[in-house]
Amino acid sequence: SDLATGTELNAAIQTVLKEVMDEHGAVVFGGNGYSEEWHKMAVEERGLANLRTSADALPVLKEGYIEELFQKTGVLTPVELESRYDVYAEQYLLAIEVEAKLVVSMAKTIIYPAAVRYLSDLSSTIAGLKEIGIELEKETAEKVATLVKSMMDCASKLSDTLSNHDFASTEEHMQYASQTIRPLMDEVRKYADALEGEIADDLWPLPTYQEMLFVK
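Residue 6 in this note's numbering is what sits at position 17 of the sequence shown, and the numbering runs on without skipping anything.
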């Protein structure tokens, strides 16, 4: 419209850019979008929502202004948008449940047996060397034993959380998956990663980080 009234091209571009920045400048950022500085700036200075998880983000699809936007632009009706929300929420919950069960299974049937075998071999070696007058430090065995117990305790807690099906809403269920189940999954992995760094390579039954990133 500016060009139609005789405005020069550069002046018209400047006008349009100013309008765009005034309207959308809050979401324009050229730095590290993963930094804590950006997250703090986005929320405190620019007033943007900081939805870090799917459990936080998906319910926004049910907000009235979102339904209005999709309907006004002819993309989705409120009913169609709601059906997509239901599908996305179900996929999210199913993915968390399947992954959590896999974490528990791997801890119990793969990592735990390997750790026990290593402790058995290590104990036999320590005892055998002691018989011939060689004292070997026991710190490694004690550390592995502590890590194994911590991992299995955490895996047991994770298994218990999966038996909870008493939720008032889908949103509550997703928050439970995000705030309760996911952290326990991460904790089991933390102990498993620590065990990988302690157990003999020939006894470790899974591909190691070194193998995946540098060797193979």
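Cβ coordinates follow ideal geometry from the N, Cα and C atoms, glycine included.
Could you check what DSSP says for residue i in three-state terms: helix, strand or coil?
i, result
"E26", "helix"
"I123", "coil"
"T197", "coil"
"R178", "helix"
"L151", "coil"
"I19", "Looking at the sequence provided, one finds Gly at residue 19 rather than Ile. In this structure, G19 counts as coil in the three-state DSSP scheme."
"N39", "coil"
"L58", "helix"
"E12", "helix"
"I188", "coil"
"G63", "coil"
"F156", "coil"
"E(-3)", "coil"
"E33", "helix"
"E52", "coil"
Tell me the residue span of the alpha helix (DSSP H) that contains residue i.
i, result
"V105", "101 to 120"
"P67", "67 to 95"
"E161", "159 to 165"
By a C-beta neighbour count over all protein chains shown, 10 Å radius and 16 as the cutoff for buried, is residue i buried or exposed?
i, result
"L147", "buried"
"Y107", "buried"
"V177", "buried"
"Y81", "buried"
"I121", "exposed"
"L195", "exposed"
"I123", "exposed"
"H13", "exposed"
"H162", "buried"
"A96", "buried"
"Y54", "exposed"
"Y198", "exposed"
"Y23", "exposed"
"M174", "buried"
"A189", "exposed"
"A104", "buried"
Can you tell which of the options has its C-alpha closest to the C-alpha of residue i?
i, options, result
"E56", "T66, R35, N21", "T66"
"A84", "S43, A15, E26, A144", "S43"
"A78", "P102, A46, G53", "A46"
"S152", "A166, G36, M141, D142", "A166"
"A144", "V76, V49, I99", "I99"
"Y160", "D75, K179, I170, G20", "It should be pointed out that residue 160 corresponds to Glu in this sequence rather than to Tyr. The option with the nearest alpha carbon to E160 is D75."
"N39", "A130, E25, W193", "E25"
"V32", "A15, I2, Q168, N21", "A15"
"V49", "E34, R73, W27, F203", "R73"
"F18", "R35, K7, V5", "R35"
"K132", "D142, E88, Q168, Y180", "Y180"
Just to check, is the beta-carbon of residue i closer than 6 Å to a non-hydrogen atom of the ligand GTP?
i, result
"A189", "The model depicted lacks the ligand GTP and carries no ligand whatsoever."
Are the stretch 178 to 189 and the stretch 124 to 138 in contact at 8 Å, needing three or more beta carbon pairs? Note that the stretch 178 to 189 touches the stretch 124 to 138; at least 3 beta-carbon pairs, one per stretch, sit closer than 8 Å.
Counting pairs of Cβ atoms below 8 Å between the stretch 87 to 107 and the stretch 51 to 70, do you hit three or more? Three or more beta-carbon pairs separated by less than 8 Å are not found between the stretch 87 to 107 and the stretch 51 to 70, which leaves the two stretches without contact.
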